[in-house]
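If you read the sequence shown in our numbering, its first letter stands for residue 3, the second for the next number, and so on. These notes concern the structure reproduced below.
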Amino acid sequence: MRSYWRVTFFRMPAKRQYLLVDGYNVAHSWPDIRKMLERDVDSAAALLVERLAVLHDAEACEVTIVFDGRGERVELQRHGGANAPCVIYAPAGVSADAIIEQIVNRAPDADDFTVASRDNALCLSVFSCGAHTITPDELLDRVRRERNALGKALRERTRETDRNFGNRLFG
């Protein structure tokens, strides 16, 4: 009598990836948001968060936008609930760079982190810990690609729904 071993393969969940964005640094790098910064800093920051939400949703990575200091303590916000990007405001006198460096330095695996900034000192610091870095332009390209892919998927889903609905009406 032969004995067969059944081997079951299962997929391990992908490691969670984290995107840390140097908020005002990136905002100053994107032309339309830079113009808005001159008039209304809070609206410009909100627009940046809104634009980055597509990466949080589509890429299944945890997006955190870190802004330079205000107030007496670190302030965390999640507009849109637990599934929205996290916004961190550093306390007054503390830069977003310092907060980002602390997050990466304390991470169990810095390789899970990508930092978006054009600040060479910050990028060198987090890279030396094992994190990845991207420029604000590369980040904008990622946002545009995801928005385009999302729009394409939505159009396809709409066409499919329309076909199915038509089949039920006239079929």
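Virtual Cβ for every residue (Gly too), placed ideally from N, Cα, C. Since the model is a prediction, treat every value here as computed from it, not as a measurement.
query, result
"E40 in three-state terms, based on DSSP", "helix"
"Contacts around L50, its chain only, beta-carbon distance under 7 Å, and the 5 residues preceding and following it disregarded", "G25, V28, A29, I35 and I67"
"V89 and F115 closer than 9 Å at C-beta", "no"
"Spatial neighbours of A112 in its chain, beta-carbon cut-off 8 Å, leaving aside the 5 residues before and after", "V106, V128, C131, G132 and A133"
"A176, buried or exposed, once every other Cβ within 10 Å from all chains shown has been counted against 16", "Lying outside 3 to 173, the shown extent of the chain, residue 176 is not represented and no answer is given."
"Distance, E158 Cα to A2 Cα", "This structure gives no information on residue 2, because the portion of the chain shown stretches from 3 to 173."
"Continuous alpha helix (DSSP H) stretch holding L99: start and end", "Sequence inspection shows Asp at residue 99; the Leu mentioned does not correspond to that position. Taken as a continuous stretch (DSSP letters only), the alpha helix (DSSP H) holding D99 covers A98 to R108."
"Residue of L57, N85, G153 and T160 minimising C-alpha distance to L22", "L57"
"DSSP state of V65 mapped onto helix, strand, coil", "strand"
"Bounding residues of the beta strand (DSSP E) (the contiguous stretch that carries A118)", "F115 to A118"
"Coarse secondary structure for H81, derived from DSSP in three states", "coil"
"Straight-line Cα distance separating Y20 from T135", "11 Å"
"Straight-line gap, R146 to S31 (C-alpha atoms, nearest Å)", "15 Å"
"Any C-beta of chain D under 9 Å from that of F115", "No chain D is present in this structure, which holds just one protein chain."
"Where E158 falls: helix, strand or coil (DSSP)", "helix"
"For V128, the first and last residue of its enclosing alpha helix (DSSP H)", "N122 to C131"
"C-alpha gap between R120 and E162, whole angstroms", "42 Å"
"Proximity winner among A94, L142 and D59, relative to L1 (alpha-carbon distances)", "Any question about residue 1 goes unanswered here, given that the chain covers just 3 to 173."
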